[in-house]
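Here's the structure, in structure tokens; my notes come after.
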Amino acid sequence: MLNRRMTGMGSTIFAEMSALAAATGSVNLGQGFPDTDGPREIAEAAAAAILDGRGNQYPPGPGIPELRQAIAEHQQRFYGLTFDPDSEVLVTAGATEAVAAALLALVEPGDEVIAFEPYYDSYAACVALAGGVRVPVTLRPPAFRPDTDALRAAVTPRTRLILLNSPHNPTGSVFSRAELTAIAELACERDLLVVCDEVYEHMVYAGEHIPIGSLPGMRERTVSISSAGKTFSFTGWKIGWVTATAGLVAAVRAVKQFLTFVSGGPFQYAIAEALRMPDAYFRGISAELRGRRDLLCAGLAEVGFAVYPPDGTYFVTTDVGRLGDADGVRFCRDLPHHAGVVAIPSSVLYDDPDAGRTQVRFAFCKRPEVLRDALARLERWRAADADRVR
Ligand code: PMP
Ligand code: GLN
């Protein structure tokens, strides 16, 4: 029944693999969500807001003023960027709605949208919803660096915008200043908009996160998107935001109004407090996740995966070709039954099915004992497999 515009819109793999994890009692290193909730005081702030009657009725369309102010302060504190909380900040139902509203607002039917593949699953769907044409530029292992020459070659007179994601899900690539500068120069030269999904901004282990909107000429053409889900480990709350010029925010708001109108009233109060936590909290996120990244990367390499250690996000991409499997989708559908572990086949996040055929993504936003359990399961599976072959 699905209309033609939406066919090939992306995959439902995240939900499928979480359901498979539940059905098989597997350790779920697939869908990216932490197994530990965020700070207790922030949960209490949400509970207090509900009980005090703050946000229980429709909050203001652009988001409550306290949260818009806190988002503006966050952009100033971490990046020295100044946004007017009244006209240049918009609260959304997670980054997901921000991406959807931005693309629906800014893409005309037939416009081309360039994005680096593999890409987060909602991008393809939202480009399709907007009637746009997605134009992938491939990030390739081992380093998954953006090829800015290929990006330049992909621009045509129909190109409307570049949809970026750095730190990048699923590869963990963090775009460097030089790479972002090349992208920014191209955007300025060809008069393109840039929508940048920065939800992993506080999860960086090498290099630094640089908002492309901070580069020369980019403020007026960048829509920056982030979310509280990752930073504060409350992925179920779905509080996201957009920062951009007043004109761009007004365009995105015009669409957002008819997608959800508003959402998450009491959670908005809690996230306003969360965004004002001390620098140590934000530094702590990467410090803690770095250890988990190292644990999982080393363990997976030990088991026999080719591992591409990420510079950011809480995902690691591996290659299962070495384990004798030529197809990541089949590998991931079998793995819960063989080993009791769930992962995501990255090939579903590519337009070019061959590009990532043997790539498999594991999430490390889990307690160390859970990661160790997953590794022990994988080791047992490989050992049993080796015995069978002998
Ligand atoms: N963008 C990327 C790159 C993501 O990985 C996610 C993760 N869920 C989202 C957007 C969606 O964020 P949210 O849960 O805030 O909608
Ligand atoms: N961002 C998370 C991931 O990449 C969740 C995705 C989803 O459930 N749509 O795994």
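With the sequence shown counted from 1, adding 627 to any position gets you the working numbering. Glycine included, every Cβ here is placed at the ideal spot set by N, Cα and C. This structure is a prediction, so every number in the text was calculated from the model and none was measured.
To the nearest angstrom, how far is it from the Cα of residue i to the Cα of residue j?
i, j, result
"ASP978", "PRO972", "13 Å"
"GLN658", "VAL850", "26 Å"
"VAL801", "ALA742", "15 Å"
"SER913", "VAL831", "6 Å"
"VAL782", "ASP818", "11 Å"
"LEU678", "ARG667", "16 Å"
"GLY759", "ASP1014", "52 Å"
"ARG994", "ALA649", "18 Å"
"GLY834", "GLY840", "18 Å"
"GLY948", "LEU694", "46 Å"
"GLU724", "ASP1012", "44 Å"
"ALA732", "CYS753", "11 Å"
"ARG704", "LEU923", "32 Å"
"VAL930", "ARG1009", "7 Å"
"CYS992", "PHE861", "12 Å"
"ALA697", "TRP868", "11 Å"
"PRO687", "PHE894", "13 Å"
"ALA966", "THR663", "23 Å"
Can you have a look at residue i and say buried or exposed, based on whether 16 or more other CB atoms are within 10 angstroms of its CB?
i, result
"THR940", "buried"
"TYR935", "buried"
"ASP824", "buried"
"HIS964", "exposed"
"PHE885", "exposed"
"PHE888", "exposed"
"GLU816", "exposed"
"ARG787", "buried"
"TYR827", "buried"
"ASP748", "buried"
"GLY652", "exposed"
"LEU927", "buried"
"LEU902", "buried"
"GLY874", "exposed"
"LEU629", "exposed"
Does the distance between the C-beta of residue i and the nearest non-hydrogen atom of the ligand PMP fall short of 7 Å?
i, result
"GLY721", "yes"
"VAL826", "yes"
"MET798", "The sequence shown places Thr at residue 798, rather than the Met named in the question. It does not: the Cβ of THR798 is nowhere closer than 7 Å to a heavy atom of the ligand PMP."
"GLY856", "yes"
"THR663", "no"
"LYS865", "yes"
"ASN655", "no"
"THR765", "no"
"THR887", "no"
"ASN630", "no"
"THR870", "no"
"THR944", "no"
"THR651", "no"
What does residue i pair with, by DSSP beta-bridge criteria?
i, result
"SER854", "GLY867"
"CYS823", "LEU791 and SER851"
"PHE989", "VAL943"
"PHE743", "VAL764"
"THR719", "GLY867"
"THR786", "GLU739"
"TYR935", "THR944"
"ILE1018", "The structure shown has nothing for residue 1018, since the chain only spans 628 to 1017."
"ASN655", "VAL969"
"VAL831", "GLY939"
Does any CB atom of chain B fall closer than 8 Å to the CB of residue i?
i, result
"ASP824", "As a matter of chain content, chain B is missing from the structure shown, which is built from one protein chain."
Can residue i be considered in contact with the ligand GLN, in the sense that its beta carbon sits closer than 7 Å to one or more heavy atoms?
i, result
"ASP748", "yes"
"GLN658", "yes"
"PHE802", "no"
"PHE991", "no"
"PHE641", "yes"
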